[in-house]
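Trainee: If you scroll down you'll find the structure; I have some questions about it.
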Amino acid sequence: MTAAVSRANSVLLRRLLLVSLGMFGFGFALVPLYDVLCDVTGLNRGDVQALAKNTQVDYSRVVGVEMVASVPDSLPVRLIAPNKALQAHPGELVQTEYEVENLSDRVLVTQAIPSYSPQLAAKYFKKIECFCFREQVLQPHEKRKLPVMFVLDKETPKDLTWLALSYTMFESPKAAR
Amino acid sequence: MEAHATEHGHGAPKGITRWLTTTNHKDIGTMYLWFAAAMFLFAGLMAMAIRAELFEPGMQIMSPDYFNQLTTLHGLIMVFGAIMPAMAGFANWQIPMMIGAPDMAFPRMNNWSFWILPAAAILLVLSMVLPGGAVATGWTLYPPLYMQGGISYDLTIFAVHILGASSIMASLNIITTILNMRAPGMTLMKMPLFVWTWLITAFLLIAVMPVLAGAVTMLLTDRNFGTHFFDAAGGGDPVLFQHVFWFFGHPEVYILILPAFGIVSQIIPTFSRKPLFGYASMVYATASIAILSFFVWAHHMFTVGMPAVGQLYFMYATMLIAVPTGVKVFNWVATMWKGSLTFETPMLFAVGFVSMFTIGGFTGLVLAMAPIDIQMQDTYYVVAHFHYVLVSGALFAIFAGVYYWLPKWTGHMYNETLGKWHFWLSMISFNVLFFPQHFLGMAGMPRRIPDYALQFAEFNQISSIGGFVFGASQILMLIVIVQCIRGGKKAEAVVWEDAKGLEWTVPSPPPYHTFETAPEVK
Chain A
19 MTAAVSRANS
29 VLLRRLLLVS
39 LGMFGFGFAL
49 VPLYDVLCDV
59 TGLNRGDVQA
69 LAKNTQVDYS
79 RVVGVEMVAS
89 VPDSLPVRLI
99 APNKALQAHP
109 GELVQTEYEV
119 ENLSDRVLVT
129 QAIPSYSPQL
139 AAKYFKKIEC
149 FCFREQVLQP
159 HEKRKLPVMF
169 VLDKETPKDL
179 TWLALSYTMF
189 ESPKAAR
Chain B
2 MEAHATEHGH
12 GAPKGITRWL
22 TTTNHKDIGT
32 MYLWFAAAMF
42 LFAGLMAMAI
52 RAELFEPGMQ
62 IMSPDYFNQL
72 TTLHGLIMVF
82 GAIMPAMAGF
92 ANWQIPMMIG
102 APDMAFPRMN
112 NWSFWILPAA
122 AILLVLSMVL
132 PGGAVATGWT
142 LYPPLYMQGG
152 ISYDLTIFAV
162 HILGASSIMA
172 SLNIITTILN
182 MRAPGMTLMK
192 MPLFVWTWLI
202 TAFLLIAVMP
212 VLAGAVTMLL
222 TDRNFGTHFF
232 DAAGGGDPVL
242 FQHVFWFFGH
252 PEVYILILPA
262 FGIVSQIIPT
272 FSRKPLFGYA
282 SMVYATASIA
292 ILSFFVWAHH
302 MFTVGMPAVG
312 QLYFMYATML
322 IAVPTGVKVF
332 NWVATMWKGS
342 LTFETPMLFA
352 VGFVSMFTIG
362 GFTGLVLAMA
372 PIDIQMQDTY
382 YVVAHFHYVL
392 VSGALFAIFA
402 GVYYWLPKWT
412 GHMYNETLGK
422 WHFWLSMISF
432 NVLFFPQHFL
442 GMAGMPRRIP
452 DYALQFAEFN
462 QISSIGGFVF
472 GASQILMLIV
482 IVQCIRGGKK
492 AEAVVWEDAK
502 GLEWTVPSPP
512 PYHTFETAPE
522 VK
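If you're matching them up, the sequences are chains A and B in order.
According to the working numbering, the stretch in the first sequence is residues 19 to 195, in order.
According to the working numbering, the stretch in the second sequence is residues 2 to 523, in order.
Now the structure itself:
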């Protein structure tokens with residue numbers, strides 16, 4: 019190796035060493051950079067549910083929901099809605115409940131049928147979970163809470179500000195008397 | 002340019018001190034290769050034990066914790082102890098001979114960068130017998146699990162530091178040699194492709210090895226000195242480690258494969274008796290792969306809770322890498338197209354490399370898709386993918402390179418029949434070993450577990466049988482190499498018909514010092 023080459027080699031070596039030292043520092047610089055990135059994007063910052071949050075809720079308006087229940091005189095059952103009314107944003111997942119009580123001494127197999135007022139509200143009232151989806155078997159004098167989960171469609175017309183949800187409970191025709 | 006004898010005499014000194022004190026690039030290359038071979042067999046034995054445990058469901062030969070230690074050490078040693086030193090061995094032997102330089106730029110540093118490697122290996126091996134056993138976190142060393150281990154976890158951090166220092170020193174040497182010590186007339190765009198790929202690999206190494214060193218240093222201080230980089234209790238975040246680790250880790254996989262591309266790009270033209278198709282595009286493709294590798298790291302962590310935009314970006318960026326890689330594969334095929342092909346062992350391994358690596362590349366594309374990756378991550382599909390690119394990719398290229406240059410290095414021809422047996426046994430058993438793992442992964446078998454559900458039994462059994470055959474076949478290679486060193490048909494200077502390149506202008510074996518007077522390249 020000539021002196022010129024070995025001098026050039028040392029110069030290059032020093033530069034390359036600086037690069038690797040710089041990259042060692044960069045590894046540590048990633049720590050504050052990561053924090054900054056988390057702050058900017060809001061990731062990892064307390065609200066871990068930020069991503070899961072439903073962005074489809076229309077917070078600009080509310081729709082009132084009145085809950086009513088009726089039972090034919092022939093059926094010895096009491097069905098009531100403890101919360102008579104509630105307010106829901108379109109797109110919001112709402113949970114509420116009814117209460118049922120068997121007033122007789124025999125086992126009752128019942129089926130609840132929903133209806134809406136005004137009728138067109140049925141199109142926008144999306145039930146996720148409802149006791150009306152299946153028959154309810156009530157032991158003698160059993161008292162029980164019945165859940166309802168629903169979402170009001172985001173497309174609910176703006177002039178629909180109130181609706182009534184009504185359940186009528188019948189004895190199931192299939193039930194043995 | 003004035004010719005100048007190096008500080009040593011003209012022949013090789015005798016005895017053990019020759020190897021301890023040598024500054025000769027050929028000696029150091031030889032030591033690197035033997036070190037890699039020893040580590041390959043050692044970590045290979047671990048793989049045999051892993052496959053034996055997985056031969057049938059249930060726990061048979063080892064505890065789950067020991068199983069995890071084996072998978073971890075198998076990964077760490079194969080990556081840092083076998084593949085990387087083997088590639089460094091090729092670099093040491095071949096780069097000076099290919100560019101017409103008398104030796105590496107910094108021969109003493111070269112000696113040092115090899116001789117710290119055994120120290121790191123000893124630390125890793127020693128950690129197996131310490132209380133608590135070796136590291137059992139997987140080669141990625143993720144916290145918070147990493148925070149909980151014993152003394153061997155600190156030893157492993159130290160071993161990674163040493164391995165990193167060794168690679169950085171080797172890279173500084175390689176870059177300086179290539180940029181400053183080429184023979185007159187050897188312009189950059191006339192360099193053999195192996196030299197090009199190593200130049201780019203060396204730049205990758207000096208850019209990312211220090212980042213890994215930083216990451217494990219943070220682990221070390223978190224473990225011992227009360228910092229909280231990754232400790233959630235102190236305001237840190239374990240996900241940060243994954244980002245830092247994979248910022249190193251993705252370029253690292255190209256560090257393993259780019260020199261393999263280089264070796265194959267030397268071999269295929271020789272046995273096709275045609276110049277390499279699309280030389281310039283090969284150079285640009287290598288450089289683009291290297292640059293892209295810095296911007297895709299988070300595809301290793303699609304499930305950590307990234308916004309969809311992040312997943313989309315990393316998904317598309319990762320798929321972009323298929324373009325330069327495709328350019329390379331097509332160029333190799335085009336080089337073979339209408340060539341007068343012969344299939345000696347190096348060519349067999351090179352062709353095996355091209356076809357098998359392409360399969361590994363395709364499964365990589367499958368995994369690049371975020372929605373699919375969320376299903377496949379941490380299953381045997383991933384295991385199959387990275388073994389296709391690392392075993393039939395990097396390792397087959399190393400085999401190809403060893404067979405290709407062994408006659409040059411030793412002056413003797415190796416046993417071609419045994420070489421071909423080695424290839425066919427490896428090729429077939431490799432596929433028996435790893436192909437069924439795709440099915441296992443798609444069926445949902447998780448990686449890094451010592452036991453599995455009954456429905457995975459058949460494929461695991463097939464895979465294990467392939468594994469044992471593959472392991473045994475490698476002993477054949479050892480026999481071929483030892484035979485070749487001891488004697489055999491005399492090799493000519495141009496070992497392979499009409500092979501091109503400066504290394505074929507020196508006799509086989511080359512004298513201890515070559516190109517003390519720089520050759521003229523036209």
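All C-beta atoms, glycine included, are put in the ideal place defined by N, C-alpha and C.
Here the structure is a predicted model, which is why all the values come from computation and not from measurement.
#1: Are at least three pairs of beta-carbons, each pair with one atom in the segment 116–127 of chain B and one in the segment 45–59 of chain B, less than 8 Å apart?
#2: Return the first residue and the last residue of the beta strand (DSSP E) that residue 267(B) is part of.
#3: Using the three-state DSSP reduction, which class does residue 105(A) fall into: helix, strand or coil?
#4: List, from N- to C-terminal side, the alpha helix (DSSP H) runs of 4 residues or more that fit wholly inside the segment 163–231 of chain B.
#5: Quick check: the Cα distance between residue 365(B) and residue 266(B), rounded to an integer number of angstroms?
#6: Helix, strand or coil, according to DSSP, for residue 1(B) in the structure here?
#7: Are any of the Cβ atoms in chain B nearer than 8 Å to that of residue 190(A)?
#8: Apply the 10 Å Cβ neighbour rule to residue 69(A) and answer buried if 16 or more other Cβ atoms are within range, or exposed otherwise.
#9: Residues in the segment 226–247 of chain B with C-beta within 8 Å of chain A's C-beta atoms, listed in sequence order?
#10: So, for residue 278(B): in the same chain, excluding its five sequence neighbours on each side, which residues have a beta-carbon less than 7 Å away from its beta-carbon?
#11: Could you tell me the alpha carbon to alpha carbon distance between residue 66(A) and residue 449(B), rounded to whole angstroms?
#12: Taking DSSP as the reference, what is the three-state secondary structure of residue 42(B)?
#13: Give the list of continuous alpha helix (DSSP H) stretches no shorter than 4 residues that lie fully inside the segment 49–91 of chain B.
#14: Note down, in chain order, every chain A residue with its Cβ under 9 Å from the Cβ of residue 195(B).
#15: By DSSP's criteria, residue 120(A) is part of a beta bridge. Which residues make up the other side?
#16: Run down chain B in chain order and give the residues with a C-beta less than 8 Å from the C-beta of residue 37(A).
#17: Starting from the beta carbon of residue 52(A), find every residue of chain B whose beta carbon is closer than 7 Å, and list them in chain order.
#18: Could you tell me which of 142(B), 93(B), 130(B), 182(B) sits nearest to residue 114(B), measuring between CA atoms?
#19: If you measure from the CB of residue 442(B), is any heavy atom of the ligand COA nearer than 7 Å?
#20: Listed from N- to C-terminal order along the chain, which residues in the segment 30–59 of chain B have their beta-carbon within a distance smaller than 8 Å of any beta-carbon of chain A?
#21: Which partner residues does residue 130(A) have in the DSSP bridge list?
#22: Excluding the 5 residues flanking residue 145(A) on each side, which residues of the same chain have their C-beta closer than 6 Å to its C-beta?
#23: Going along the chain, which residues of its own chain have a beta-carbon closer than 7 Å to the beta-carbon of residue 370(B), five neighbours each way excluded?
#24: Nearest chain B C-beta to residue 27(A) closer than 8 Å, yes or no?
#25: Evaluate the contact criterion for the segment 132–141 of chain B versus the segment 62–72 of chain B: three or more CB pairs, one atom per stretch, below 8 Å.
#26: Given residue 460(B), which residues of its chain have a CB within under 7 Å of its CB, disregarding the five upstream and five downstream residues?
#27: Quick one: which residues of the segment 176–200 of chain B get their C-beta closer than 8 Å to a C-beta of chain A? List them in chain order.
#28: Leaving out the 5 sequence neighbours to the left and right, which residues in its chain are closer than 8 Å to residue 490(B) when beta-carbon positions are compared?
#29: Mind reading off the beta-carbon distance from residue 36(B) to residue 118(B)? Whole number of angstroms is fine, and I expect it under 8 Å.
#30: Quick one: complete alpha helix (DSSP H) runs, 4+ long, within the segment 439–512 of chain B?
#31: Just the chain B side, please: which residues come within less than 9 Å of residue 18(A) by C-beta, in chain order?
#32: For residue 148(A), report the span of its beta strand (DSSP E) as first-last.
#33: Spell out whether any CB of chain B is found under 8 Å from the CB atom of residue 58(A).
#34: Any C-beta of chain A sitting closer than 8 Å to the C-beta of residue 216(B)?
#35: Can you confirm whether residue 173(B), when its beta carbon is compared against all beta carbons of chain A, has any partner nearer than 8 Å?
#36: Taking 8 Å as the CB-CB limit, is residue 152(B) close to chain A?
Mentor: Let me lay it out:
#1: no
#2: Taken as a continuous stretch (DSSP letters only), residue 267(B) belongs to no beta strand (DSSP E), being part of the alpha helix (DSSP H) at 239–273.
#3: strand
#4: 194–225
#5: 22 Å
#6: Examination of residue 1(B) is not possible in this model, given that chain B is present from 2 through 523 alone.
#7: no
#8: Low per-residue confidence applies at residue 69(A): pLDDT is 45, beneath 50, and the placement is therefore not dependable enough to give any value.
#9: 230, 238, 240, 241, 244, 245
#10: 332, 335, 336
#11: With a pLDDT of 48 at residue 66(A), under the threshold of 50, the modelled position of that residue is not reliable, and the figure given next carries that caveat. Going from the Cα of residue 66(A) to the Cα of residue 449(B) covers about 29 Å.
#12: helix
#13: 65–77
#14: Residues of chain A passing the Cβ test: none, with the nearest at roughly 21 Å.
#15: 95(A)
#16: 207, 208
#17: 241, 244
#18: 93(B)
#19: You won't find the ligand COA in this model; it holds no ligand whatsoever.
#20: none
#21: 187(A)
#22: 168
#23: 316
#24: yes
#25: yes
#26: 437, 440, 441
#27: 176, 177, 180, 181, 182
#28: 413, 414
#29: 6 Å
#30: 458–487
#31: Nothing about residue 18(A) can be reported from this structure: the residues present for chain A run from 19 to 195 only.
#32: 143–148
#33: no
#34: yes
#35: yes
#36: no
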